[in-house]
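Protein chains in written order, with UniProt numbering: chain A, 1 to 370; chain B, 1 to 370; chain C, 1 to 370; chain D, 1 to 370. We treat Cβ as the ideally placed atom computed from N, Cα and C, and that holds for glycine.
4 protein chains.
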Amino acid sequence: MEENNYSDDQYGRARVQDSPELIAYYKELETLGAGALWTVANDIEPWEPRSSSVPMLWKYDDLRDLVLKSSELVTPEQAGRRVVYLVNDNRKDVSAAVGWLYTGIQVTRPGESTSAHRHRASALRFIMEGEKGYTVVDGNKIMLEVNDFVITPNSTWHEHGVEEGGKTCIWQDGLDIPLVNALEANDYAVYDGKQPLTAPLNFSPMTYGGAGLIPADKTWDKPYSPLFKYSWKNVYPALLEAQKVNEVNPFDGIFMQYSNPLTGGHVMQTMGASMQLLPAGFKGKAHKHTGSFVYQCAKGKGYTIINGKRFDWKERDIFCVPSWAWHEHHNLSETEDACLFNFNDLPVIEGLGLFQGRELTENNGHQQVQ
Amino acid sequence: MEENNYSDDQYGRARVQDSPELIAYYKELETLGAGALWTVANDIEPWEPRSSSVPMLWKYDDLRDLVLKSSELVTPEQAGRRVVYLVNDNRKDVSAAVGWLYTGIQVTRPGESTSAHRHRASALRFIMEGEKGYTVVDGNKIMLEVNDFVITPNSTWHEHGVEEGGKTCIWQDGLDIPLVNALEANDYAVYDGKQPLTAPLNFSPMTYGGAGLIPADKTWDKPYSPLFKYSWKNVYPALLEAQKVNEVNPFDGIFMQYSNPLTGGHVMQTMGASMQLLPAGFKGKAHKHTGSFVYQCAKGKGYTIINGKRFDWKERDIFCVPSWAWHEHHNLSETEDACLFNFNDLPVIEGLGLFQGRELTENNGHQQVQ
Amino acid sequence: MEENNYSDDQYGRARVQDSPELIAYYKELETLGAGALWTVANDIEPWEPRSSSVPMLWKYDDLRDLVLKSSELVTPEQAGRRVVYLVNDNRKDVSAAVGWLYTGIQVTRPGESTSAHRHRASALRFIMEGEKGYTVVDGNKIMLEVNDFVITPNSTWHEHGVEEGGKTCIWQDGLDIPLVNALEANDYAVYDGKQPLTAPLNFSPMTYGGAGLIPADKTWDKPYSPLFKYSWKNVYPALLEAQKVNEVNPFDGIFMQYSNPLTGGHVMQTMGASMQLLPAGFKGKAHKHTGSFVYQCAKGKGYTIINGKRFDWKERDIFCVPSWAWHEHHNLSETEDACLFNFNDLPVIEGLGLFQGRELTENNGHQQVQ
Amino acid sequence: MEENNYSDDQYGRARVQDSPELIAYYKELETLGAGALWTVANDIEPWEPRSSSVPMLWKYDDLRDLVLKSSELVTPEQAGRRVVYLVNDNRKDVSAAVGWLYTGIQVTRPGESTSAHRHRASALRFIMEGEKGYTVVDGNKIMLEVNDFVITPNSTWHEHGVEEGGKTCIWQDGLDIPLVNALEANDYAVYDGKQPLTAPLNFSPMTYGGAGLIPADKTWDKPYSPLFKYSWKNVYPALLEAQKVNEVNPFDGIFMQYSNPLTGGHVMQTMGASMQLLPAGFKGKAHKHTGSFVYQCAKGKGYTIINGKRFDWKERDIFCVPSWAWHEHHNLSETEDACLFNFNDLPVIEGLGLFQGRELTENNGHQQVQ
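Next comes the structure, spelled out in C-alpha cells:
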C-alpha cells in the first residue's frame, strides 16, 4: 500500500519544473506574504522523521575540572546558576543538548545556596557527586544523594544549596527551556528573598514514597508527580528485583520509568525519565524511534552505537540520542551490571500522537560501526 | 435553605390521609402492578443515609479454635473453600458482614491447596498467621506473610495453598459477593485442573512494587492494580515515615490507601482498602460517612466507638462500621502504636457519586458511650 | 477450560454432607455471628448472573385513566409528587420496576407545580403527553415536549409544573432510588420556597445542544451531562440520518445512546438511557446481558420476547427487561419504524466491571415463545 | 512576591562581567561542546512569553486571482497539492503562518482530484467557495459546503476533489507540519492508487453528528474526533441559539469550540478550532495569552487590533495572532453579526501546561492604535 522507494519523482509528490512564468508567479506571491506550496512541499513533508541534532558524548573526565573551576570564577550570586551547559553542535541557536532539551552540570560548594526562582519551563536533576546537597521545591526541602533523581516542575519555586559541612555537590540539570521557548510560552520570576519552608524536611518522598500507597486523606490536583525525589537507594534494588523475574528487553535491558504514582504516567507534563539496567555482558539490539534522549551513566561502563558510530561511556558520562537515530547499548563488563539514566521528551511525543519506532532487522539487529 | 427538622409533616413530603375512595384506588392500582408513590415516598426517600447493618465485633480469641476445627471437619476438596464467614445480624439474608461486603476466615494446613476458580466478584485477603502460604492469581504465584494484603480481582483465576513444611495459615477473605449478587451480575467457573504458573514466583510484586517506578516497556490494560501484593514489610515502614512528616488526621491517624500505581486509584473496581496507624495515645474524633467498612486490627489494641457503643479490639480482631454510622478510633496504649486494616466499598460509593460525610461537632468531637 | 455442566457435585463446589458433629458446629458458629461458608457457598456463587426480577409490561391503555384520576384524588401539595409507580412483582420490597430501578408515571395539570427538592438519587423523565410542561433543574427552567428526555441529576434542586394555558402533562419518571437506598447513601432536602431562576429559559439545551460544539469560554466540573434536555425534534432526525449510512444492529436496530457531550459517556453516574429505532419489519435477534432496563415505546408498535414470553407493546407502553434475560425486539409494522426509549443501570454495571453478554445461537437467534 | 521590574540587573539573574580569564574559560568549554550557562541564561529565560512571529493579514481580494491562476499553471498531478501557502514574515524558514502552524489556500476545479497520501502531521480545512467539493478520510467520503470545517487527522489517508458538474472549490488548509517537523516526528506515505470507499457517503457526520447522541453499539478508539465534518448549517444556528441565552464574552463574543463528542476535548491532538460570533456593534476588549491562532472571517466585516496595529478584515480574509500578542476584535457593522473561524495549537499549549493569559486593564481594556 505504501511505496517506500522514497523517490520524489512520483505521483503524490511535488514535481513542478521552473519556468519563467512560474518564477514571475512566485515573485508575485512573495509580495503578498505567500508562496507556492509545491516549491517547498517535498522539503517540509519528509518521508521519515528527520532530526537536526547529532549524537554527542560529553566525558565527565574532560568536564569535571572545568565545572569545578567555574566555582572559582563566578559566584552563584553573579551567575544566577553556576552551570556548564552541554550543547549540541547543531542546536547552538537554541542552547539545546538534543532536540529541544537543555542539559547542564551545576556545581555548588558547601555553604552555598542559590536564589529562588520559577519559570514555566520544567526542570529535573540527577545527582553526580557530593554530600548534603538539597533542593527546595515549593517550600519542601529535600536532601539529595548520588544517583537520586529529583524534579522541579513547571512554575514551582525552587532553589538549591549544600549545607555547611557537606561536600561539593555536582549534578546534572535537565530542562525543557528550548521547547518552552519554541512554543513561545516561557516566563520567569525571581523570589523576593528566601522561600519559607512550608513542609517538614523530605515531606514529599516520605509521604508519597511508599510503593502502592498514597495518603488516604489528601488530594493532589497538580499535573505532575507529588513524589519529588526518586532515591537511588530504592531504585537500584527495584531494578535488581525486577531483573530476577523479567525477561531482559533486547533493546533496553531492565527498563523502569520514573512514574507519577497518582497516574502511572510521566513525572511531568513535558519531560519523562527512566533508568535502565544493562546486565553483565548485555549486548543490546538496535532500534530507532521518535523522541529525544539525554543519558547519564549512573553505574558501570559500556558503549552505545548511534547511527553507526560508537560512543564509549562510563559512570557520569553524558550522551544524547536524537529522534529517529538508530541506537543500541552494550555493557562492556562481563561481571557487573551497568545503569543508564535518561530524561526525554516522551510526554510531548506520546501526548501529541507522534511516537513511532522501528527495529533493525538486518545483521541480527546490530549496526555496522563506521 | 434546607429545612433540617426532618418532619414528614411539611410541604414537600407526602401527607395524604387514607380514605375509602383512596383505598379502593390503591387496590385497583395493585392489580396492574402499580401503586401510588405517596404511600411509600417518605419511606423510600429518607432524610439521611440509612443502613440496615449493625456494628459488630468478632473476637479472634473466640473464633480461632472454631476456625482451626473446621480443618478437622471438612477438607478443602469437600468445602471448596474452608472458611468461617462472619455475618451481620441484620444481613444474614445476603451473607454480608456489613452492607454488601462479605468477609470470612480461611484456614489452610501445610500441604493443602484449593482448586482454582474464578468469579465476577472480586476478592482480597489479609494474612493473619502462618508460614509459606501462597496464592496464585492468573498464573502468578505469590508468597504470603502476616499482615500482607493481596488481591484477586474480578474474573482472575485463583487458588491458594500452604507449602509442605509451612505452618497452618489463617487469613481473612474479603469479597463483594453480596454486591455483585445484588447487581445480578455474578458468575462462577471451575478451572479444570491446576493453573499453570505463567510467571516467575512473585512476578507481580517484584515488577510493580518499586515506589514511583513502573516497567517502561510493558503495558497493562486491566481495570485493577498490577500490584497483587502489598507487603507489610513495606507498608509499616511507610506509615512510620509518613508519621514523621505529617500531621495526624484527627479521625484516622496516619492514613494510607492501598493504591493502583498506574492510576492512583483504588486497587480494584468494587473494593478499596487502607491501613491506618493510630499513634500511641491516639484518641480519634468521631465522624460518619457513606460507605461500609470491615476492619481488622493488624497491630496493638484499642477500641472503636460506633454509634455510641464501644467495641474493644486487639490484634486479629475484626469489626465493621456500617454506612453513616458515627465512629471514632482510640489506641489503648500510651507507648505503642496500633494499626487498623480495612477494606470497603468506596470505589462504588465514590464512583457513583454517593460519598458524603459529617464530623461530630458537639462534646469536642467525641460520642457519649451508651 | 471452564466446565459448563453447572453441576454442584464436582470438585471446586461445596459438597459437604450434614452430620451431627457438623450441625453442632454450625450452631456454635451462629452464636458468634458466624457460619460455615460451605453451607451457603453454592447459593451465593451462582454459575451465571441471576435476577430476582420478572419481565413485566404496563399497558398505557390500562393505566392512563388511573393516572389522571390521581389528579382528582390528591393535590401535588398533599402528595409531594402525584405519581403512579410501576412495581415489579418480585421487587415490591424495594419499590423497584426492575433490578434497582424505580419508575413511575406523573401527572401535572395546567397551572400546577410541585415544590422543589433534591436527593442523592438521580432522576430522569420521558415525556408522554401534554403541552407547556416544564422542569426546573438547579435554577434552569426547561420546557418539555412529547418524547423529550430530560435529566435531574444527583443532588440538583428540581421541581416541575405545567404553565397556565397548557395541557395536562404526563411523563415517565425514572430514578435510582432503590439502588441508592440499597447502597445506604440516599438523602433528601426540601427547598424552602420556590427556586429562583438563575439562567434564561432553556439555557442548558441552547448552550450545550450544538452537535460537536461546546462553549469555548466555560468550564463544567459536574460529574453529569451539562445538557439537561435531549429533544425528540433532534433525536428522531438523527436516528433517521444514522439509519441511512449504518447497518442495522441485529439485536437493537439503529441504536443511539444519550451522551454527555463533554465525556462521550452516560448522562449521569448511575443511570444511562438510549433510544433505538426498529426499522419497518425489523425482527431482532435474541441476546442477554447484565444490566436492568426499563423501556417505553416512543413510536409505533411491536413486541418483545423476554425469556420466551411475548410482550406486545405500542406507543406509551412501558416494559422491563431484567438482567441476564434473553430478549428480542420485533416491529409489527411492515411500513412504519418503531422507536423504543430505555433507561438502565449500565453506568453502574459497566463502571464496576460487571458487564457481560451472550448471543442466542440456536434457532437462528430467535427464542421459542412459550 | 514576584518582582516585575524585569531588570536583568538583579539578584536571581545572570550578571557576570567578561574578563580575560573568563573569555579563555569560555573558549575551552566550547571545544568540549559546552558553554557557561550565565552567558545565555537571561536570553533563554525571558520574563514573559516571547513570539518570533508578527501579526499578518492576507486579504482574499489580493489572493483569489493568484490562487485561481495556479490552476492554470500546474496540475494537481504535478503539484501534489495546488496550494498557495501563507507565510509569516518571520517564519519563512519553517513555512509557518504563525508559530508552528502552516496554512494555505487550495484550489480544485470540477472533475479534478488529488492523490491520496498520509502523514504524521494533522490537517484541517475550512471551505471558502465552490460546490460539490469533497474529501475522503480513511475511506469515508464527505461532501463540503462553504464554511464547513473538516478534519483529516494524524496518519489518516486523505484525498480531495470536486465532482464533475460542481463549481471550482477553494478552501483553507491548516496543518501542524512546522510543529511536527520541529518535533522531528513527521513522515509521509503515498497511497498506491485511489482509496476504496469503505463507508457510505457522509458516514461520519451522519453517524456522529447528532447532538448529545452517540452510537450505542460502536466503539471508537482513535485519539481524535469521530466527527470529521462540522457543518456551517448546524454551527451558525447553534451560535444564534447560544447568543439568546448567554452573556457576550467581552473578548470573544459568542465563542464555540469544535469538540470531539466522545471527550469534550479538541478535535485533534495537536490542533484545535473554534468559531466565534461577534454581535452587531461588538467592540471586544483586549487580552493576550499563549498559543498561536490563524483566523478566517466566515461572515461579516470588522477589524482586529493586534499589538496596537489595526487589521481590517471581511469575509474570507485570513489573519494571524501570535502567542502573547494583545488582541481585540471589533465588528464594523451595527446591524449584522460577524463570524470568525480560527484554528490554533491550544491542544499543545494546554496539554503541556503552558497556557496562561492576561487581560488589558488600562484604557478600559482597549489598546491604543499606533
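Select from the region 247-274 of chain D all residues with a C-beta closer than 7 Å to any C-beta belonging to chain C, and list them in chain order.
So the list reads Asn249, Asp252, Phe255, Met256, Gln257, Tyr258, Ser259, Pro261, Leu262, Thr263, Gly264 and Ser274, given in the order they occur along the chain.
For the UniProt domain "Cupin type-2" (106-171) of chain C, enumerate the residues whose C-beta is nearer than 7 Å to any C-beta of chain B, in chain order.
Here the close residues are Ser115, His117, His119, Arg120 and Asn154.
What are the boundary residues of the beta strand (DSSP E) that includes methionine 56(A)?
56-58 is the span of the beta strand (DSSP E), which, as asked, contains methionine 56(A).
Run down chain D in chain order and give the residues with a C-beta less than 7 Å from the C-beta of asparagine 181(A).
In chain order: Ile44.
List the whole-angstrom C-beta distance separating threonine 270(B) from isoleucine 349(B), where the pair is believed to meet the contact cut-off of C-beta under 8 Å.
Incorrect: roughly 10 Å between the Cβ atoms, too far for contact.
Could you give the C-beta distance for residue 374(C) and leucine 63(B), rounded to a whole number, given that I count them as a contact under 8 Å?
Any answer about residue 374(C) is impossible in this case: the structure gives chain C only from 1 up to 370.
Along the alpha helix (DSSP H) that carries phenylalanine 228(D), what are the first and last residues, could you check?
Looking at the DSSP string, phenylalanine 228(D) is not in any alpha helix (DSSP H), and its letter there is neither H nor E.
Quick check: the Cα distance between lysine 299(C) and aspartate 61(C), rounded to an integer number of angstroms?
Going by the C-alpha atoms only, they are around 15 Å apart.
For the structure I just gave you, are there three or more beta carbon pairs, one from the region 301-320 of chain B and one from the region 185-200 of chain B, closer than 8 Å?
No, because fewer than three Cβ pairs between the region 301-320 of chain B and the region 185-200 of chain B fall closer than 8 Å, the two stretches do not touch.
Could you tell me whether the region 79-92 of chain A touches the region 41-54 of chain A, where touching means 3 or more Cβ pairs closer than 8 Å?
Counting Cβ pairs under 8 Å, three or more are found: they touch.
Check whether the Cβ atoms of leucine 37(C) and arginine 81(B) lie closer than 8 Å to each other.
Closer than 8 Å, so yes.
If you count every other CB in all the chains shown that lies within 10 Å of the CB of tyrosine 6(C), and 16 or more means buried, which is it?
Counting Cβ neighbours within 10 Å, tyrosine 6(C) comes out exposed, since fewer than 16 surround it.
Determine the closest residue to alanine 41(C) out of His117(B), Asp18(B) and Arg15(B), with distance taken between C-alpha atoms.
Of the listed residues, the one whose Cα sits closest to alanine 41(C) is His117(B).
Any chance you could list the alpha helix (DSSP H) runs of at least 4 consecutive residues sitting entirely within the region 172-237 of chain A, in chain order?
177-182 and 203-208, all fully within the region 172-237 of chain A.
Specify the secondary structure class of methionine 1(B) as computed by DSSP and reduced to three states.
In this prediction, methionine 1(B) scores a pLDDT of 35, lower than 50, which makes its location untrustworthy; the coordinate-derived value is nonetheless stated afterwards. Coil, per DSSP.
Whose Cβ in chain B lies nearer than 8 Å to the Cβ of methionine 206(C)?
By Cβ distance, chain B contributes nothing, its closest Cβ being about 26 Å from methionine 206(C), past 8 Å.
Could you tell me which uninterrupted beta strand (DSSP E) segments, each at least 3 residues in length, are contained entirely in the region 122-146 of chain C, listed from first to last along the chain?
For the region 122-146 of chain C, whole beta strand (DSSP E) runs of length 3 or above, ordered along the chain, are 123-137 and 140-144.
Could you tell me which chain B residues have their CB closer than 8 Å to the CB of isoleucine 349(A), listed as they occur along the chain?
What isoleucine 349(A) touches in chain B: nothing, since even the nearest Cβ is about 14 Å away.
Which partner residues of phenylalanine 149(C) appear in the DSSP bridge assignment?
Answer by DSSP bridge pairing, in chain order: Phe126(C) and Tyr230(C).
Are the C-beta atoms of tryptophan 313(B) and some chain A residue less than 8 Å apart?
Not one chain A Cβ lies under 8 Å of tryptophan 313(B).
Taking the beta strand (DSSP E) that asparagine 331(C) belongs to, which residues open and close that run?
327-331 is the span of the beta strand (DSSP E), which, as asked, contains asparagine 331(C).
Would you mind reading off the limits of the alpha helix (DSSP H) that contains glutamine 78(A)?
Note, glutamine 78(A): alpha helix (DSSP H), 76-79.
Could you check where the alpha helix (DSSP H) with aspartate 43(C) kicks off and where it finishes?
41-44 is the span of the alpha helix (DSSP H), which, as asked, contains aspartate 43(C).
Could you pull out every unbroken alpha helix (DSSP H) segment of at least 4 residues lying fully inside the region 307-352 of chain B, listed in chain order?
Listed in chain order, they are 346-351.
Starting from the C-beta of lysine 59(B), find all residues in its chain whose C-beta is less than 7 Å away, skip the five residues before and the five after it, and write them out in chain order.
Here the set comprises Asp317.
Can you name the residues that DSSP bridges to arginine 118(C)?
Arginine 118(C) is bridged to Ala189(C).
Do the CB positions of tyrosine 191(C) and histidine 160(C) come within less than 8 Å of each other?
It is not a contact, given that the beta carbons lie outside the stated cut-off.
Between residue 374(D) and aspartate 148(D), how many whole angstroms is the CB-CB distance? I'm expecting something under 8 Å.
Within the shown structure, residues of chain D are numbered from 1 to 370, placing residue 374(D) beyond reach of any answer.
Below 9 Å on C-beta distance, what does tryptophan 58(A) contact in chain D?
Simply Leu32, Gly33 and Ala34.
Please confirm whether leucine 277(D) has its beta-carbon closer than 8 Å to some beta-carbon of chain C.
Cβ-Cβ to chain C under 8 Å: no for leucine 277(D).
I'd like to check one pair, valine 137(B) with phenylalanine 251(B): are the Cβ atoms closer than 8 Å?
No, the Cβ-Cβ distance between phenylalanine 251(B) and valine 137(B) is not below 8 Å.
Within the continuous alpha helix (DSSP H) that includes glutamate 21(A), where are the two ends?
20-31 is the span of the alpha helix (DSSP H), which, as asked, contains glutamate 21(A).
Tell me, which residues are paired with phenylalanine 293(A) by DSSP?
Val321(A) and Asn344(A).
Taking its Cβ as the centre, do 16 or more other Cβ atoms sit within 10 Å of glutamate 21(C), making it buried, or is it exposed?
The residue in question, glutamate 21(C), is exposed, as its Cβ has fewer than 16 Cβ neighbours within 10 Å.
Note down the Cα distance separating glycine 284(C) from serine 113(D), rounded to an integer number of angstroms.
Rounded to whole angstroms, glycine 284(C) to serine 113(D) spans 42 Å at the Cα level.
Where does glutamine 276(C) fall in DSSP's three states?
Here glutamine 276(C) sits in strand by DSSP.
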